[in-house]
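Reviewing the structure listed below.
Residue numbers (our numbering): 7 to 318.
In structure tokens form, the structure reads like this:
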């Protein structure tokens, strides 16, 4: 039908009959029998229709084959183009549906190339893009390297789905733990909080839903094997696994790990925690450029003021 209208420039109400055994194509015009003809391409008068057959009544349709010289070859070429385009559209829609359902999930792909700072990743049926702002500082990418990324957003575009990936999103770390630690996947151990400075350091607060389960041990794994897999995937990012506690004093003390905490005083009105640590642990509690204290504050939701016991 597309080929007929394109080639002959006509807008008749036509349909195409295709014989699958012989390959013959017939173009059939279809006009309605009416008392008053408004559009001769779509209508035919009752008197004219009855010249063809007395059985026609108003509201019937008269179908006639249209003779179009050489039309079969033209139709085949046009049909091929239309079908191929439709197949591409359907494939794009399928890819979009597949990846839109995986938003917030982790995908594995192979790096194709880095183009002006954008990392292009082969995901099998589609390509993903890691923009510079979604790349941890200092992380280097090489062609053919396999990496895991967080599906940040899937956009529908005329050229197909655009899959935006992230290596900095906290969800990447959370999903890696879920993939690597069976107890988290099964709901026995739960991630209660997470604070991340991508490419440098993260803190993950975990708790067991069964009293006999060691949440920290489950996440670390035998000889640190489980957490080490995650560290390697994140190119050496340091990960502190923290024991969650419902008591804010205990939780804040845990969050400042690996520093040892002597005392935690809470100001609930201003949500400020004043933490005392041994003098020789002060720099460890604060961390380089304040990172340890900053991550602990982000993890617990409390402002943390750290002082040494010498100043007490």
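Built from N, CA and C at the ideal position, the CB exists for glycine as well.
Values in this document were obtained by computation on a predicted structure and should not be read as measured data.
Nearest candidate by alpha-carbon position, reference residue 276, set 311, 197 and 159: Within the chain shown, residue 276 is the residue found at index 270, counting from 1. The shortest C-alpha to C-alpha distance from residue 276 to any of 311, 197 and 159 is the one to 311.
Output the distance between the C-alpha atoms of residue 190 and residue 163, rounded to the nearest integer angstrom. Counted from its first residue, the chain shown places residue 190 at position 184. Counted from its first residue, the chain shown places residue 163 at position 157. Each residue's alpha carbon lies about 36 Å from the other.
Residue 118 by DSSP, collapsed to three states: which one? One-based indexing of the chain shown puts residue 118 at position 112. Collapsing the DSSP output to three states places residue 118 in a strand.
For residue 246, count the other beta carbons within 10 Å of its own beta carbon; 16 or more makes it buried, fewer makes it exposed. Which is it? Within the chain shown, residue 246 is the residue found at index 240, counting from 1. The residue is buried, with at least 16 neighbouring Cβ atoms inside 10 Å.
Which of helix, strand or coil DSSP assigns to residue 207: Numbered from 1 along the chain shown, position 201 holds the residue referred to as residue 207. DSSP places residue 207 in strand when its eight states are reduced to three.
Do you know offhand how far residue 2's Cα is from residue 30's? Since the first residue of the chain shown is 7 and the last is 318, residue 2 is not available in this structure.
Three-state class that DSSP yields for residue 167 in the structure shown: Here residue 167 refers to the residue found at position 161 of the chain shown. Strand, per DSSP.
With distances taken from CA atoms, which of 300, 205, 198 and 231 is nearest residue 250? Within the chain shown, the letter at position 244 stands for residue 250. With distances taken between Cα atoms, residue 250 lies closest to 198.
Since residue 66 contacts residue 39 with CB under 8 Å, what's their CB separation in whole angstroms? Your numbering for residue 66 matches position 60 in the chain shown. Your numbering for residue 39 matches position 33 in the chain shown. Cβ atoms of residue 66 and residue 39 come within 8 Å of each other, at about 5 Å.
Taking buried to mean at least 16 other C-beta atoms within 10 Å of its own C-beta, is residue 209 buried or exposed? Start at 1 with the first residue of the chain shown, and residue 209 comes out as number 203. Flag for residue 209 reads buried.
Rounded straight-line distance, which links the Cα of residue 167 to that of residue 130: Counted from its first residue, the chain shown places residue 130 at position 124. Counted from its first residue, the chain shown places residue 167 at position 161. Distance between the alpha carbons of residue 130 and residue 167: 13 Å.
Strictly by DSSP, which residues pair up with residue 247? Against the chain shown, residue 247 aligns to sequence position 241. Partner(s): 210.
Among 192, 235 and 266, whose alpha-carbon lies nearest the alpha-carbon of residue 215? Here residue 215 refers to the residue found at position 209 when the chain shown is read from its first residue. The option with the nearest alpha carbon to residue 215 is 192.
Please name the residue or residues paired with residue 161 in a DSSP beta bridge. Against the chain shown, residue 161 aligns to sequence position 155. Partner(s): 168.
Applying the 10 Å Cβ sphere with the 16-neighbour rule, what's the burial state of residue 41? Position 35 of the chain shown holds residue 41. The residue in question, residue 41, is exposed, as its Cβ has fewer than 16 Cβ neighbours within 10 Å.
Evaluate residue 103 with the Cβ neighbour count: other Cβ atoms within 10 Å of its Cβ, from every protein chain shown; 16 or more gives buried, anything less gives exposed. Counting from 1 along the chain shown, the entry for residue 103 is found at position 97. Exposed is the call here.
How many angstroms separate the CA atom of residue 119 from the CA atom of residue 175? Numbered from its first residue, the chain shown carries residue 119 at position 113. Numbered from its first residue, the chain shown carries residue 175 at position 169. Their backbone Cα atoms lie some 22 Å apart in a straight line.
Could you name the residues of the same chain whose beta carbon sits closer than 8 Å to that of residue 309, not counting the 5 residues immediately before and after it, in chain order? As a position in the chain shown, residue 309 is number 303, starting the count at 1. The beta carbon of residue 309 lies closer than 8 Å to those of 276, 277, 278, 279 and 303 in the same chain, with the five residues before and after it left out.
Might you give, ordered along the chain, the residues of its own chain that have their beta carbon closer than 8 Å to the beta carbon of residue 135, omitting 5 neighbours on each side? Counted from its first residue, the chain shown places residue 135 at position 129. Contacts found: 124, 125, 126, 127, 168, 169, 170 and 171.
With contact counted as at least three CB pairs below 8 Å, one residue from each stretch, are the stretch 136 to 148 and the stretch 103 to 114 in contact? For the pair of segments examined, the stretch 136 to 148 was found not to touch the stretch 103 to 114: the number of CB pairs separated by less than 8 Å stays below three.
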